[in-house]
Structure formats: C-alpha cells, structure tokens
Amino acid sequence: MFFYLVEPSESRKSFASLSYIKGITEPLTRVLKKHDMISVINKPMTTLQQQFPAPKFRPATDSQTNIVYKIPYAECSWCYIGETGRAFNTRRKEHIRNIKTAAKGSKIADHAWSHEHSIDFNNASLIDKGSFRIRKTLESWHTMVTPNAVNNSCPLPGQYNILFTHIHN
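Here the sequence shown is numbered in my numbering, starting from 3 and rising by one per residue.
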C-alpha cells in the first residue's frame, strides 16, 4: 500500500491557498481556520502585473536587427531586397557608400551606375524578420515573389517552384 494513515501532530500545520472570490472565499476561510491545523492564504485571481502588463518595446525601424528589407529605385520598377543581422540604418549607410564609390559586387550600386538611376532610400521598408537561416530563405523568397527584384542571394531550390505557381495562379 502506498498511502499510510498518519495522525496529525501538533507541530505540523497544513496550508491552503485559495483564489479570492468575493462572497465565497470569506466563509470558506472561516470554516478552514476553525481547525487549527489548516492555515489559509487568500490570493488574488490576477495580479497587478497581469492586469497592467508592461508595454512591449519595439525599436525604431532604423534600429531593428535581423531583418529582410526592400529598397526601391526612384526611376524604375526595380527594387533591391536584402537581409542583415545588424541594424537597418547601418546597412543602409553601407549601400549609400557603395553607390558613392561604385563598389564592385554591389547589385544596388551596379544598377544605379549602369542605368544612371537614383535609389529611393526614403521609401525603404522592412518586410520580414528572422534568425540567420530564416532571413536567408525569406530574402530568396521575397526576391522570387516580388516583380523586378534583385539581390545577391542564392535562388531557392527547385522544390519551391510548386509554391510559386500556386501564388501566381
């Protein structure tokens, strides 16, 4: 047998924790307190912290990290989709520097210089968030589903083509 009957001793006191419900908890507490062996503790159903949660802090768009972003061109329908784990404003400054210096390997600078187009950094937007691998996948995904989008990412494997056909139908 797993359970044994134990005679209560004077030194052992039981505790009962009751959620406070007006009109019910008070009489029940009185009944339980009549027995010296049970100490009753009343607690609120919800705490002040639950009733007044702290507002969630979301950093400004330029300060957000782990993002996928879109930068449109001013003169044409092309856009650049990129990803970064750093703050968006840091990455945007790098793009601006690449355009000024005509940096090799930069798709955004290459398009700006070869077509003599300006880049509309004021209308740049964040389009997704995620950890490293998720960002890489999302960058490729958004490049595939956004018309006239370019970037430096690897294309998604052919297995994803079935998803693209369902989106465009």
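Idealized CB from N, CA, C, for every residue including glycine.
Check, Outcome
"Length-filtered (4 minimum) alpha helix (DSSP H) runs lying within the segment 106 to 167", "109 to 117 and 134 to 147"
"Inter-residue spacing [alpha-carbon to alpha-carbon] between residue 74 and residue 119", "11 Å"
"Nonlocal neighbours in the same chain, by C-beta distance under 6 Å from residue 85, ignoring five residues either side", "70, 137 and 141"
"8 Å contact criterion, which residue 72 and residue 83 should meet: CB distance rounded", "5 Å"
"Contiguous beta strand (DSSP E) assignments of at least 3 residues, all confined to the segment 46 to 110", "69 to 74 and 81 to 86"
"Cα-Cα separation between residue 66 and residue 132, rounded to whole angstroms", "11 Å"
"Counterpart residues of residue 43 in DSSP-defined beta bridges", "19"
"Between the CA atoms of residue 154 and residue 117 - distance to the nearest angstrom", "18 Å"
"Residues near residue 104 in its chain [Cβ-Cβ closer than 7 Å; skip 5 each side]", "111 and 115"
"Length of the line joining the Cα atoms of residue 42 and residue 48", "18 Å"
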